[in-house]
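Numbering (this note's numbering), first residue to last: 1 to 126.
Below is one structure, written out as structure tokens; comments come after it.
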Amino acid sequence: MQAKEVLSGDLVPKSHLPFSPAVKSGGFLFISGQASVDLEGKIIAGSFEEECRRSFDNLRRIVEGAGLTMEHIIQVRNYVGNQEDLARFNEIYREYFTAPYPARTTLIGCLGTVLKFEVEAVAHYG
Numbered sequence: 001m002q003a004k005e006v007l008s009g010d011l012v013p014k015s016h017l018p019f020s021p022a023v024k025s026g027g028f029l030f031i032s033g034q035a036s037v038d039l040e041g042k043i044i045a046g047s048f049e050e051e052c053r054r055s056f057d058n059l060r061r062i063v064e065g066a067g068l069t070m071e072h073i074i075q076v077r078n079y080v081g082n083q084e085d086l087a088r089f090n091e092i093y094r095e096y097f098t099a100p101y102p103a104r105t106t107l108i109g110c111l112g113t114v115l116k117f118e119v120e121a122v123a124h125y126g
């Protein structure tokens, strides 16, 4: 079995749920879904844009806490609550990622009523 290391740190958002924010294994960093939460894991409600940016900022905190940059991300999975936010999501996405873009999946209408956006990712230490 491949060794795994759980990422933690002062700038990594905590969760009261049973999951690790990120796990390093085999040269990869697997980052759990990041939502609009503060560093203590409390959900911060806001507009779609506010929640989307806070989620991406949390993702960046984790990536940087692992000694990487957003350019090390090779795959992104995005969860957009409402179809009408898809165009704005793509605009915001381009602020956090540049070409060559990571592989990407975007699911719409799957978050219920608590969150407007969530993102998870895989980064590589190569």
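For glycine and all other residues, C-beta sits at the position ideal for the given N, C-alpha and C.
Note that the structure is predicted; figures quoted are calculated from it, not measured.
Item: Three-state class that DSSP yields for M33 in the structure shown; Value: Reading off the sequence shown, one finds Gly at residue 33, where the question assumed Met. Three-state DSSP puts G33 in a strand.
Item: DSSP-derived helix/strand/coil call for E118; Value: strand
Item: Cβ-based burial, I43 [other Cβ within 10 Å; buried from 16]; Value: exposed
Item: Distance CB(Q34)-CB(S15) smaller than 7 Å; Value: no
Item: Euclidean distance between Cα positions of G41 and P13; Value: 6 Å
Item: Backbone secondary structure at V63 - three-state DSSP; Value: helix
Item: Simplified DSSP state of S25, which is helix, strand or coil; Value: strand
Item: Sequence-distant residues of its chain with Cβ nearer than 6 Å to F19 (five each side left out); Value: S32
Item: Residue nearest to I62 in terms of C-alpha spacing, selected from N90, F89 and L7; Value: L7
Item: Alpha helix (DSSP H) segment containing L86, residue limits; Value: L86 to Y96
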